[in-house]
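Residue numbering for the sequence shown follows numbering that gives the first Met the number 0, beginning at 0 and increasing consecutively. A virtual CB, placed ideally from N, CA and C, is assigned to each residue, including glycine. Being a predicted model, the structure only gives us computed values, none of them experimental.
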Amino acid sequence: MSTRASGYFQEEPLSFEYPETGQKGVKLREPDLPQVTPHQAMAGAALRSDGLEGLPQLSEFETIRHFTRLSKMNVSIDAAMYPLGSCTMKYNPRINEVTARRGGFTGVHPLMPDELVQGTLEVLHRLQEALEEMTGFPGVSLQPAAGAQGELTGVLLIRARLAAKGERRRYVLVPDSAHGTNPASAALAGFEVREVKSDAQGCIDLEHLRAQMDEDVAGLMLTNPNTLGIFEPHIFAIAETVHAKGGYIYCDGANMNAQVGIARPADFGMDVLHLNLHKTFSTPHGGGGPGAGPCLCSEELRPYLPVPRVERDNARYLLNWDAPQSIGKVSTFFGNTGILVRALSYVLAMGGDGLKEMSEVAVLNANYLRHKLQGDLQLATQAPTLHEVVFSDQGLAEHGGITTSDLAKRLIDYGFHPPTVYFPLTVHGALMVEPTESEPKAELDRFVDAIRAILAEGDNNPELVKTAPHLAPRRRLDETAAARHPILRWTRDGETPPK
Ligand SMILES: *Cc1c(COP(=O)(O)O)cnc(C)c1O
């Protein structure tokens, strides 16, 4: 097993930092025909202009090289396995890009009347039906533009339902292993968070849940399969406990990749769910968006879904704004339509059997890695797991004192994006691996070999691992400063960046 000379070495300045050479991107000869229309004259003037103030001028060749070099620094699923746990970084078939870029979809404007966007509305409606069928819920809104916004929408539905019943409840229960967006969504929706403990296996501690659940609790935010990849074994008892006190269960469905075609969250007592189309249904994600986090719900919560609703009246599709109990709009228009088109395209191309196979292979791949690596790393749980496998750092330091972070950084030198690290917080030094269904066995084996090679390096030459990565353009970043004091805008030397 050897590291990969990645070509990521090369430093690349910002385009603003290139020396001024007076070069231009486009050189045009003076036209030999007179420009007759005002449009031609304007277009000609724009192309001949001396550039926009403040923007750098590079030649075409420099521009191409600049962006090609930058693209080589970009670690992506197109280059190697990207096993970031909980994020479902999988291959997105290009056919869905082609579909989403068709002029009929890209040419519409959100303010066009329904009559002129029947095709787009039909796509949205058919996607709604597909998601309802997959999850078992009768109501859906495609509007939320991210998973976290889908969560917020879900919790707002619960709040609206309680208000309609004349109830004011103060708390939302969130398990200690939950994704950080869960407590944030509960707080944004105006609730206080009460934590529910995990048991020794990493599942909800039923006794603790019973103790925490009372008439002042609006509901529980549950991730299932949970963050360790375990399908909650007491899911029915959990639902019963919450419902018995008049609460609702919001289910974080970002992990739907493990259960499409196999299990429907509505069938195990969930009241509301969000999906991450940019994880499970063919939208490349990263770089902060765009995304789509549709929110699905039970009949009881349905009147509160956002407006407008995409509905069908015989052969005609329409946007319905008439929903007096609705929580209102959660996005400017009705969601990130291009992503919704990709999702339906993916669903139709895969078909029901294909989607089921997707989930089965995702689970198989994660369990293959679990089986291969359980002798090298310490499993976080002995319980059966689905689409991801989490290891703790127990015993890791025996390899020359290396840490989870060292192991993750060294994986970069072997050509892999690091897995999720130090999450969930319930696992010490967690390393959370989600290979997804995309990976062939050879790539999984290469990952296993890389982990083993790094552990051996820890035994023989731990400094090599502790100072990794060596083959990336940057080595070890100050992650705290990057999060607390991000510099988001380039300024000329001496200028202070705007606050
Ligand atoms: C990704 C993820 C989210 C949040 O989704 P965003 O689109 O990033 O807002 C929420 N919960 C879980 C479990 C996730 O993996």
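State yes or no: is the C-beta of residue i within less than 8 Å of the C-beta of residue j?
| i | j | result |
| --- | --- | --- |
| Glu150 | Arg169 | no |
| Ala159 | Ile411 | no |
| Gly84 | Thr419 | yes |
| Ile338 | Pro289 | yes |
| Gly189 | Gly218 | no |
| Asn319 | Ala144 | no |
| Glu387 | Val447 | no |
| Pro302 | Ala322 | yes |
| Gly103 | Glu59 | no |
| Gln200 | Leu172 | no |
| Lys355 | Gly260 | yes |
| Asp444 | His398 | no |
| Leu130 | Leu295 | yes |
| Pro55 | Tyr17 | yes |
| Thr466 | Leu430 | no |
Quick one: using the 10 Å Cβ neighbour count with 16 as the cut-off for buried, is residue i buried or exposed?
| i | result |
| --- | --- |
| Glu194 | exposed |
| Asn460 | exposed |
| Met41 | exposed |
| Pro182 | buried |
| Asp405 | buried |
| Ala441 | exposed |
| Phe136 | buried |
| Gly138 | buried |
| Ile157 | buried |
| Val362 | buried |
| Ala482 | exposed |
| His284 | buried |
| Arg491 | exposed |
| Thr2 | buried |
| Glu19 | exposed |
| Leu395 | buried |
| Arg308 | buried |
| Ser176 | buried |
| Gln142 | buried |
| Leu368 | buried |
| Pro423 | buried |
| His469 | exposed |
Tell me which residues share the same chain as residue i and place their Cβ nearer than 7 Å to its Cβ, disregarding the 5 neighbours each side in the sequence.
| i | result |
| --- | --- |
| His207 | Val195, Lys196 |
| Val426 | Ala379, Val389, Ser391 |
| Lys163 | The amino acid occupying residue 163 in the given sequence is Ala; Lys does not appear at that position. Within the same chain, Ala163 has close Cβ partners Gln324. |
| Ala449 | Met0, Leu410, Tyr413, Phe415 |
| Asp215 | Arg168, Arg169, Tyr170 |
| Glu52 | none |
| Ala185 | Val154, Val171, Val173, Val192, Met220 |
If residue i sits next to residue j, beta carbons under 8 Å apart, how far is it from one beta carbon to the other, in whole angstroms?
| i | j | result |
| --- | --- | --- |
| Gly153 | Val271 | 4 Å |
| Gln258 | Ser358 | 6 Å |
| Cys250 | Leu221 | 5 Å |
| Thr279 | Asn256 | 5 Å |
| Thr384 | Ile234 | 15 Å between Cβ atoms; not a contact. |
Per DSSP, what are the beta-bridge partners of residue i in this structure?
| i | result |
| --- | --- |
| Asn319 | Arg308 |
| Gly106 | BP columns for Gly106 are empty, so no partner. |
| Pro174 | Val195 |
| Thr419 | Met431 |
| Gln377 | Ser391 |
| Glu221 | The sequence given here has Leu at residue 221, not Glu. Beta-bridge pairing links Leu221 to Cys250. |
| Ser140 | Cys294 |
| Ile203 | Ser197 |
| His273 | Asp251, Cys294 |
| Val426 | For Val426, which the question treats as bridged, DSSP gives no partner whatsoever. |
| Leu69 | Per DSSP, none; premise fails for Leu69. |
| Val216 | Tyr170 |
| Leu410 | Bridge partners of Leu410: none, in fact. |
| Leu83 | Val432 |
So, at 8 Å on beta carbons, what are the nonlocal neighbours of residue i in its own chain, with the 5 sequence-adjacent residues on each side left out?
| i | result |
| --- | --- |
| Glu96 | Arg341 |
| Gly6 | In this prediction, Gly6 has a pLDDT of 45, which is less than 50 and means its spatial position is unreliable; nothing more can be read from the coordinates. |
| Leu13 | Trp489 |
| Ser281 | Asn91, Pro92, Asn95, Arg341, Ala342, Ser344, Tyr345 |
| Asp503 | The displayed coordinates of the chain run from 0 to 498. Any statement about residue 503 would go beyond what the structure contains. |
| Leu69 | Glu11 |
| Phe333 | Pro109, Leu123, Leu141, Gln142, Pro307, Val309, Leu318 |
In chain order, what residues of the same chain lie with their CB nearer than 6 Å to the CB of residue i, ignoring the 5 residues before and after it?
| i | result |
| --- | --- |
| His242 | none |
| Pro417 | Ala407, Leu410 |
| Met269 | Ile248, Cys250 |
| Tyr316 | Gln117, Leu120, Glu121, His124 |
| Gln393 | Gln377 |
| Val306 | Trp320, Ala322, Ser325 |
| Pro224 | Phe230, Asn254, Ala257, Leu385 |
Please find out if some non-hydrogen atom of ligand 3 comes closer than 7 Å to the beta-carbon of residue i.
| i | result |
| --- | --- |
| Thr180 | Absence of ligand 3 is noted for the structure shown, with ligand 1 being the only ligands found. |
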